[in-house]
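To keep things clear, I will list the structure first and then write my remarks on it.
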Amino acid sequence: MEMNTSIFLPALLLIPLLGAVLIALGSPAKKTAILVSVLNLIPGLLVSGTVLRSGEVLFGAGTTPVREVFPVKFLLGIDGLSLSLVWLTLIVTLAAMGAAQNGVKREKEYFVCLLMVGLGALGAFLSVDLFYFFSFHEVALIPTFLLIGIWGHGDRSGAAWRMTLYLMLGSLVLLLGLIALVMSVPEVARSLDWRVLTETLRANPLTSSVQTVVAALFLVGFGTLVSLVPFHSWAPGGYASAPTPAAMLHAGVLKKFGLYGLLRLALPMTPLGWKEIGWIVGIMLAGNIFYLGLVSLQQRDFRWLLGFSSVMHMGTVFLGLISGSLLGLGGALTLMVGHGFSAAMAFAVAGEVGQRTGTTWMQDLGGLAKRAPKLWFYLMVAVMASIGLPGLANFAGEIMIFFGAWSAHPVLVVVAAWGVVLSAVAMLRAVRAIAFGPVSKSVENAEAPDLVGAAQIWPFALLTVFLFLVGLVPVVILGPARPVLERLVAP
Amino acid sequence: MILWFCPEVLFVIAGVGIILTDCLAPDTLRRLLSPLALGLSVILLVWTLLRSGQPMPASWSNLLVTDGLSALFKPFFALCLVAVTLMSTRYRLGSDETVRGELLALPFFPTAGLCLLASARDFLAIFVALELVSISLYLLTAFHRAKPASLEAGIKLLVMGGLSTGFLIMGIAWLYAAAGTTEFSRLLLEQAGKPASPALLAAAGLILTGLAFKVTAVPFHAWAPDVYEGAPTPITAFLAVASKAAGFVLLLRIFGFGAFALESIGQVFRPVILTLGIATVTLGTLAALPQRDLKRLLAYSGIAHAGYMLLALGTLGEAGLGTVVAYLWAYILATLPVFIFVNELERIHGNTDMRHLDGLARRDPGPSLGLTLCLLSMAGLPPLIGFSVKLAVLTTLWNAGETPALVIALVMAVAALGFYLSPIKAMYWEREADSIPAKRFSIYLVWVLLLAGAANLALGLYPQPLVRLAERSLAPHPTSFSIPQK
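Now the structure itself:
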């Protein structure tokens, strides 16, 4: 008899919450945070087994109540599409807890905030009810504000305010889109359950003009959360100022919420509208790839460079989203996950470099390869993944997107290919400045320039393993997601 | 006979009882005045919860009615009284310590008045009840005889309150002249289907103006920040929560489904109320941004909340009215605990400047967490109840097709983060002040704030009970609006 694993879905959320409570009550912060992140892999594994066998797991799907004025329902679910994002969250959260520096000030609050960010992302990916889908994403907003404000570097106060207000504005536009979507459905069929809503709208699509309005609101709302040009200006500075694990979680995981939302809601529910505004998305994503690619060439601070490069990759994902082909959508999903791992890795390396040498200004660095070979290795993995070296996750995604989008948007594919070049130039220049050349003063003076011991290395090794896994065997993502994506492109 | 033991009567008896105890009892007993007042207010809250749905004495039925709305809001006002009494027992009076008895006793009278207001079915009842509320509040606002700010606040409230009463009574007079009655249901019956006469419209406009003062709608809001700042903090809380809620209950009753719920009047006043709402949200939010004093901040935040409620009310639809009811409960849940906190802060530091919050989270993590949750609920962040009601406002506006109002409400909800986050920023992110006061927060505050935060969170995650309450409060009640038998 098959085990009913639905109970493990709320467990995925309760375990980090429990961890936060324990830390608040005085349990050793970093150890507890790592422990709960490891523990959370267990329900993750159990749930994955069922998803692989039967396609989806649902929690809380009982009888629907009689028509309510406010029909929210705590309903969790996971299918082939959200599976890979849930795993991305679990792994990056674990790595972020491991990469968090020891002896940070006000450790308790630090790890509670980090756990809440991870919890918000997990909850958003698991929620089936739109009310909770939206709410869980917002849960991460205030902890991020505090993380950047209290533990950030550089212009942390400005960055925290800018990021929070910007994301709030984006969220509210998104909320407007959700209201518009739900309210355009006739009252008898109205539901906040996106599975029900998708089926309803598949059978009785909205009129083309309504779809366009909703899709446009989603584009601006989710687009702001994903930092699509011209709504991107919160992101590079925010990531540059954020403490390492916060940048890892936000750039690696939380930003994928916007893309996930587009895959989940905009594409299946407003397909006509999405086609209608496709050309606007095209211009915007070209801005991400080309304009921000050029901007990233000008960066002198490694953290800022990573911020821009992370935002830049979102353009390529959007290209996959508007490709309208199974290959392109699969590539978008693969790149979402791959970018999650590679961005987390890159920010973790930048954090280590900054902490050990006291600077992330590339002109003040140099010769890291000699003095810190292990850190150099992981830097290379992160950079190579980011510029799309075959064998690593991002390459798999990008190549699928390029092939998938070629027939529909050949010009954009050319632009995106140039983006790869720009990205390679910027990143390789950074590697040259940081790793090679004469050993700089700050690297020379660093007391402990390299990673030492398993305790410091494992977060990096973990992310590396997953980067290679997704890069070499992308079917781990595409296999379970295929049925879901197929229904997206089915006429 | 038991009908005469309705909450309104008991509030008055309790108030008189406290004054008499204060005057006549020996000094040893007078020390028990605070627990006595607090106990009475709690007992009355329980009694109100039990009795608020029961009919009133028959001889009052010309003026007063018991329906879903009054049944829901009498406990609301009784709850405010408990909080105000709690705050009054701990309020720092300084050289005025000898008059604490009055500070404890007087709020019982306006509470009785508010409960009467919640039941009013005739403009005359509204006028009389409103005077009962106002006169007690003039006294209470100017309570700090030694403090110029308090006296100034008292004078301002007196002048502005007088002005608003003037508008109201003028409106009632015009109404009587135009329609020949001041009773809601008769007005509805007689005017239904007819085009509204100019005199009737003028009457409605004057009455709306009078009530706009009470709910601090822009441009009739200017008294609020000064009065809130000068009045003793418990009284500020009463003004900001109970008095404002009463204004909205009246607006619901008069424009929502009572006296003026007429097609002909709604056509004219729907855009007026929506415009008031837009102005109120915008000004309240923008003016709150630079505030550094917590009481002034709360005053402007209260103005902004009034704006959201006016927007929901302005759609004049069933959903909008229910939203106002739910919003008021969400508002009390988030705002009263913050006032209780401010009262304690003032007790320790002597004023309510925001810099006293600097670094508070390290000294007092419990109250800081509770306060943060309440503030975020006010800001309308999920998963707190403040978000659910703001969502309801936005949905209502969307369904009513009021796009400009919707866009402004959205933008202001973002801007509002600017001032709701600044106390949070002060608590968690600023350095502690060099001189930390010796006095600490008492344990009761920790519990009040944590419980309030938990309530905001729980209702936010599961808002159904509140929605059901709001829905039921507007459902026709068997005894409501029946024409009295002569």
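Taken in order, these protein sequences are the chains called A and B. Residue numbers for the first sequence, in this note's numbering: 104 to 594. Residue numbers for the second sequence, in this note's numbering: 624 to 1109. Virtual Cβ for every residue (Gly too), placed ideally from N, Cα, C. Fair warning: this is a prediction, and the values are worked out from it, not measured in the lab.
Query: Cβ pair residue 504 of chain A, residue 370 of chain A closer than 9 Å; Result: no
Query: Residue 811 of chain B and residue 735 of chain B closer than 9 Å at C-beta; Result: no
Query: Through-space distance from residue 496 of chain A to residue 1032 of chain B, alpha-carbon basis; Result: 43 Å
Query: Contact set between residue 557 of chain A and chain D, taken where Cβ atoms lie within less than 8 Å; Result: Checking the listed chains, one finds no chain D in this structure; the protein chains it contains are A and B.
Query: Cα-Cα separation between residue 560 of chain A and residue 554 of chain A, rounded to whole angstroms; Result: 6 Å
Query: Simplified DSSP state of residue 177 of chain A, which is helix, strand or coil; Result: coil
Query: 8 Å contact criterion, which residue 1080 of chain B and residue 1006 of chain B should meet: CB distance rounded; Result: 7 Å
Query: Span of the alpha helix (DSSP H), counted from its first residue to its last, around residue 891 of chain B; Result: 886 to 911
Query: Three or more C-beta pairs below 8 Å linking the segment 300 to 313 of chain A and the segment 344 to 353 of chain A; Result: no
Query: Test item: CB-CB of residue 429 of chain A and residue 547 of chain A under 9 Å; Result: no
Query: Residue 169 of chain A versus residue 163 of chain A - alpha carbon distance; Result: Only weak support exists for where residue 169 of chain A lies, its pLDDT of 49 falling under 50; the value from the coordinates is given anyway. Approximately 16 Å, taken between the alpha carbons.
Query: Three-way DSSP call (helix, strand, coil) for residue 533 of chain A in this model; Result: helix
Query: Given 8 Å, three or more beta-carbon pairs between the segment 856 to 865 of chain B and the segment 791 to 810 of chain B; Result: no
Query: Backbone secondary structure at residue 1025 of chain B - three-state DSSP; Result: coil
Query: Cutoff 9 Å: residue 210 of chain A Cβ touching any chain B Cβ; Result: no
Query: Within chain A, partners of residue 1048 of chain B - CB distance below 7 Å; Result: 252
Query: Beta-bridge partners of residue 595 of chain B, as assigned by DSSP; Result: Residue 595 of chain B lies beyond the residue range present for chain B, which begins at 624 and ends at 1109; the question has no answer from this structure.
Query: Alpha carbon of residue 473 of chain A to alpha carbon of residue 540 of chain A, nearest angstrom; Result: 9 Å
Query: Own chain partners of residue 108 of chain A with C-beta closer than 6 Å, once the 5 adjacent residues on each side are dropped; Result: 149, 150, 153 and 160
Query: Buried or exposed (CB count within 10 angstroms, at least 16 for buried), residue 245 of chain A; Result: buried
Query: Cβ contact check for the segment 996 to 1010 of chain B and the segment 950 to 965 of chain B: 3 or more pairs under 8 Å; Result: yes
Query: Burial state of residue 894 of chain B, where buried means 16 or more other Cβ atoms lie within 10 Å; Result: exposed
Query: Range of the contiguous beta strand (DSSP E) that encloses residue 160 of chain A; Result: 159 to 162
Query: Below-9 Å beta-carbon distance, residue 984 of chain B vs any chain A residue; Result: yes
Query: Inter-stretch contact at 8 Å, needing at least 3 Cβ pairs: the segment 923 to 939 of chain B / the segment 836 to 847 of chain B; Result: yes
Query: Under 8 Å from the C-beta of residue 1006 of chain B: neighbouring residues of chain A; Result: 235, 238, 239, 241 and 242
Query: C-alpha distance - residue 619 of chain A paired with residue 403 of chain A, whole-angstrom precision; Result: The structure shown does not extend to residue 619 of chain A, since chain A is modelled only from 104 to 594, so the question has no answer here.
Query: C-beta neighbour in chain B for residue 169 of chain A, strict 9 Å; Result: Note that residue 169 of chain A scores a pLDDT of 49, beneath 50, so its modelled location is shaky and nothing firm can be said.
Query: Amino acids of chain A, ordered along the chain, whose beta-carbon sits closer than 7 Å to that of residue 1052 of chain B; Result: 249, 252 and 253
Query: C-beta contact flag for residue 929 of chain B and residue 1008 of chain B at 9 Å; Result: no
Query: Proximity test, Cβ basis, 9 Å: residue 142 of chain A and chain B; Result: no
Query: Reference residue 858 of chain B; option with closest CA among B:725, B:750, B:635 and B:754; Result: B:725
Query: Neighbouring residues, chain B, relative to residue 267 of chain A (Cβ below 9 Å); Result: 1040 and 1044
Query: Outcome for residue 931 of chain B when other beta-carbon atoms lying within 10 angstroms are tallied against a minimum of 16; Result: buried
Query: Residue 445 of chain A (DSSP reduced to helix, strand or coil); Result: helix
Query: Other residues of its chain near residue 373 of chain A: CB distance less than 6 Å, five sequence neighbours each side excluded; Result: 314, 317 and 318
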